[in-house]
Amino acid sequence: MKVKMLSRNPDNYVRETKFDLQRVPRNYDPALHPFEVPREYVRALNATKLERVFAKPFLASLDGHRDGVNCLAKHPKNLATVLSGACDGEVRIWNLTQRKCIRTIQAHEGFVRGICTRFCGTSFFTVGDDKTVKQWKMDGPGYGEEEEPLHTILGKTVYTGIDHHWKEAVFATCGQQVDIWDEQRTNPICSMTWGFDSISSVKFNPIETFLLGSCASDRNIVLYDMRQATPLKKVILDMRTNTICWNPMEAFIFTAANEDYNLYTFDMRALDTPVMVHMDHVSAVLDVDYSPTGKEFVSASFDKSIRIFPVDKSRSREVYHTKRMQHVICVKWTSDSKYIMCGSDEMNIRLWKANASEKLGVLTSREKAAKDYNQKLKEKFQHHPHIKRIARHRHLPKSIYSQIQEQRIMKEARRRKEVNRIKHSKPGSVPVVSEKKKHIVAVVK
Amino acid sequence: MNANQVVESLLALSQQEELVDLPKDHPLSESEDEGDSDGERKHQKLLEAIHSLYDKNRQKLIERSEAGLKVSEFNVSSKGSGEKLVLADLLEPVETSSFLATVKKQLNRVKSKKVIEQIHREVAFSETSQILSRWDPFILKNRQAEQLAFPLGKEQPAIAPIEHVLSGWKARTPLEQEIFTLLHKNKQPAKMHRAELQRAWALQSYYEAKAQREKKIKNKKYHKEVIKKGKAKKALKDFEQLQKVNPTAALEELEKIENARMIERMSLKYQSSGKWAKSKAIMAKYDLEAHQAMQEQLAKNKELTEKLQVAFESEEEEGGTKDVEELFVPEVVNEVQKNVDGLNPWMLRSYTSNTKEVATQEDPEQLPEPAAHKVSGSEREERPVAEEENLLRGFEERRSLRKRSELNQDVEPADSQKTKDSSSQAVLSELRALTNSETEEKPSVQEAKSKFRGDCSPGPERGTCPRRGIIKEAFAGDDVIRDFLKEKKEAVEASKPKDVDLILPGWGEWGGVGLKPSAKKRRRFLIKAPEGPPRKDKNLPNVIISEKRNIHAAAHQVRVLPYPLTHHQQFERTIQTPVGSTWNTQRAFHKLTTLKVITKPGRIIKPIKAEDVGYQSSSRSDLSAIQRNPKQITRHKKQLK
């Protein structure tokens, strides 16, 4: 009688070293794993729900200022260091890991209008209502030394903003005109104006560093070329632009935070039409900052909330608010693109996660794989109505919610009126203006 | 005013001495008294003319009569200019006064300044946009990238490797320096010493091991050899020493050694392998002497080795048999093996089958050989053609068979339907009348049709006979009604809920290929589907209403095609390919689930640089660019004032 035996080749299931992965024989025959789409759909639904469950973006509140926080600055070399200037002329330096204030300086009398760090991170500059530009050392004074600025420049007019060049010892201030300063001199090496008005903010382009953008109170955005010491172009919008921010990955893209509740992303080569109009805020947008990846930006608004917009979307993907947060004046995205800081009227600086449901800390490889898979599933099924609804749902304060409703009604009424006007007039006599072009008044060469 | 002009005016002065009323060139001369004598006046004028040659600036000096305002695009100052006052101007009416003209001029100047500035701006803008445009391809690439890992460029690790730190270290304090010198100065001799020691240790251990190894060998002969070798070596050494010390003694010694060698050579050890023996063996056939010599040597050999002969004989015999065996065995063995092969049923079968195959292969080859020889080239091509023909014929046969069976099937339901439902039959027949096909083949349908025709229009049937024939011919192939009925039947079948088969073969009984689960089990695990709701097109014979749309599922379905996609099939494809590891191998799973943007915690992402991308950033700095542009700066400084 023959005895049948199972015979197996150990090569097929024994690993060579203990560091190899265990071989798990798997049969990928699709007949054995039916219902791929429904199963993945359910997984995507669960992932979306869990994302909402774990969305707890608020991390910390840095308390210490005795007046509203007017400006924020990041340290270029150190992720944990943040600088903030308040409306009472006080500058504070914070350590984010300890969540403590490590240094306090009474820098100016009146507001600290602007603050910026030098590209090397050894010093920082402040401008205030007392018509001065001051340069400070980043490290605190030694034992027995007094807290004094390295340099003080007394100007003729009030400076309302300051920004430092990304590579060289040059900085720019704005006020009556845009001044370019050499750090070694007490007079500006070059001043640029185009008309007479008060300029509220000036920003250097981080990639093509000789370019500057500024926005003035007469509703315009002006671009300058530092090398040729000349303005380049001016675009006039419906309402005043509060500040602009350049995209750190795309040299010619910048976003302007406007008083008319919208943000406008421009390609600086074609200013007559913005690339995208971002609308979701219900009050004036006061500040904007790009993520270092250049894919998203965060905006701070007078409506007591901050919103995160993808660059190529007109609607925000996220809104952050707390009961205690008042009008948000300044906002910054940290250089590792993981966190967001905002300074608001009620003297606090708040630290948020950029991705609300992200788990902080080190992930195991399996956790990471699961996270990636869930992300992919959410992306894959994002258009399905149930998933879309859950992913989009956000709690809003009643004031913002009711304002959104109200503005929706107003907008609809305006649209209806326009449609009616077109309908009842001679065809072609009333031009149809797209939403993008509607807010641009003129482009001046 | 040029110097030439001044000289000319001087010349003119000298020529026109008599002229009293000269047009006054200079504003300074306005204060002059006209009542003075001619000579004095001339002199004065000359002086002034010369004066004007040297300091022309004074001539243009402007007296301020009111608060001066800077020239800007908005304000125009009314300061006086060095314009000539002409009599004609004074005589003219007030509207076109010189004052207004100057204002106009200034306005023009401002305007032109504005235009120039605009041109400057436009040029600068076009230059800048050109510079920016070189980023276009890179930015497009980044926007379309499947994955972007930030920070983009490869960054140097912040912590230097330990080797760099150690090599960069320098001794500072005197103690450190002392230790440093101690460590580094005496390194070389210490190293050598250590190497020597190591060598000695290695040698020692080697010899020890060798001695032990040799000690273990029990063969006496080996030991004797070793001793002999040792002796020989020793002798050689001694001889060499002797040669150095005492050459005569060395010579004697050499002779001795030579003698020993000769004795050794003369021994029987080399009787057949020596040079002499070999040559003799070759020559023995032809040369008698050589033959004899060999014989002699052999005889001597035998004589000397008589005692050993017995052993030799046995060996030879053995060898002989072996040879014989070697000669024969292979064949025998092979034969046996062949037999064994032949006897092995497995091998046999395969062999026979092979032979059969060979035979079959050979036969057809042999048969068509005479014909194939002629058209050997086209033979291979022709064969597949023949095969195709065969296939086609088979298909046709099958098709005809199927047609026949279909016809049979179709005739039957028609019959049953007729008995069931006469009204639908009437409608059907109407449809059929429209198409006019196969009237003769189906008598039942023909009957109904004729009945129907008899009701409404019996007349024209005969008259249309030829036309009908043509139409019939034209639509000979297709039968629309039957197709429709078939389609509807299929749709009804498809929409019926299916029975759920939960039978798992092999559970509770034997499983395997060809085994079917028992009837009992089948009965138990086959869940019959409930009758679905009645179809909407149940009473509409000419209509198929699809019942695919499920309201409950529709709530979960995507209603609008997402933006970049253009066709619903694209979207379906994206949804239908599973991503999870349940359906994909590990590697594919990793590839499918890569994120679009990857950032590392705690790593600063800097703005992109031209060097990262491989573009040439401008070598000169922005600061130096401004400083080289003094004209621009002064212009702006003027503006500031």
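The listed protein sequences derive, respectively, from chains L and X. The C-terminal position of the first sequence is numbered 463 in the numbering used here, with every residue numbered one higher than the one before it. The C-terminal position of the second sequence is numbered 676 in the numbering used here, with every residue numbered one higher than the one before it. No residue lacks a Cβ here, since even glycine has one placed at the ideal position from N, Cα and C. Predicted, not measured: the structure shown is a model, and the values here were computed from it.
Taking 8 Å as the threshold (beta carbon to beta carbon), is residue i in contact with chain C?
i	result
L627/X	Given the protein chain composition of this structure (L and X), no chain C is represented.
Consult DSSP for residue i and reduce its assignment to one of helix, strand or coil.
i	result
R384/L	helix
F327/L	strand
K108/L	It is worth fixing the name first, because residue 108/L is Glu in this sequence and not Lys. DSSP places E108/L in strand when its eight states are reduced to three.
I367/L	strand
W545/X	coil
W618/X	coil
E453/L	helix
A460/L	strand
S414/L	Residue identity check: residue 414/L is Leu in the sequence provided, not Ser. Three-state DSSP puts L414/L in coil, outside helix and strand.
I640/X	coil
D243/L	strand
I358/L	strand
Y242/X	helix
Y59/L	helix
A78/L	strand
V138/X	helix
Could you tell me the alpha carbon to alpha carbon distance between residue i and residue j, rounded to whole angstroms?
i	j	result
E566/X	S553/X	26 Å
T150/L	L241/L	25 Å
W264/L	S219/L	12 Å
L369/L	P94/L	18 Å
R412/L	S164/X	41 Å
I538/X	S616/X	28 Å
R26/L	K20/L	18 Å
I633/X	S383/L	15 Å
Y419/L	D321/L	11 Å
L600/X	I239/L	36 Å
A316/X	Q327/X	11 Å
R33/L	L24/L	20 Å
S79/L	M365/L	10 Å
F185/X	S309/L	12 Å
Residue j and residue i - do their beta-carbons sit closer together than 8 Å?
i	j	result
M297/L	S332/L	yes
A374/L	A73/L	yes
V614/X	L68/L	no
P636/X	K416/L	no
K429/L	P292/L	no
W184/L	F137/L	yes
V100/L	M359/L	yes
G103/L	V130/L	yes
I440/L	V448/L	yes
M210/L	T248/L	yes
C348/L	L90/L	yes
In its own chain, which residues sit with a C-beta less than 6 Å from the C-beta of residue i, not counting the 5 before and 5 after it?
i	result
P540/X	G546 and P552
I199/L	For the sequence presented, residue 199/L should be read as Trp rather than Ile. Around W199/L: F189 and P206.
D278/L	D256 and M257
G446/L	none
V253/L	I239, L289 and V461
Q421/L	V300
Skipping 5 residues on each side, what residues in its chain have a beta carbon closer than 8 Å to that of residue i?
i	result
S216/L	T178, G193, Q194, A234 and S235
W154/L	V109, I123, A125, S141, F142, F143, T144, P167 and L168
What does a CB cutoff of less than 7 Å around residue i pick up in its chain, not counting 5 residues either side in sequence?
i	result
M318/X	A325
F10/L	The structure shown has nothing for residue 10/L, since chain L only spans 19 to 463.
A62/L	L395, K396, K398, F399 and I405
H345/L	F320, K322, S362 and D363
E314/L	I326, F327, P328 and V329
D106/L	R84 and D85
| request: Identify every run of the beta strand (DSSP E) within the stretch 180-218 of chain L, keeping only runs that are complete inside it and at least 3 residues long; order them along the chain. | output: 188-192, 196-200 and 206-210
| said: At 4 residues or longer, what runs of the alpha helix (DSSP H) sit wholly inside the stretch 250-306 of chain X? | reply: 255-280 and 282-301
| Every unbroken beta strand (DSSP E) within the stretch 88-145 of chain L, with a cutoff of 3 residues, ordered by chain | Correct list: 99-104, 108-113, 118-124 and 130-135.
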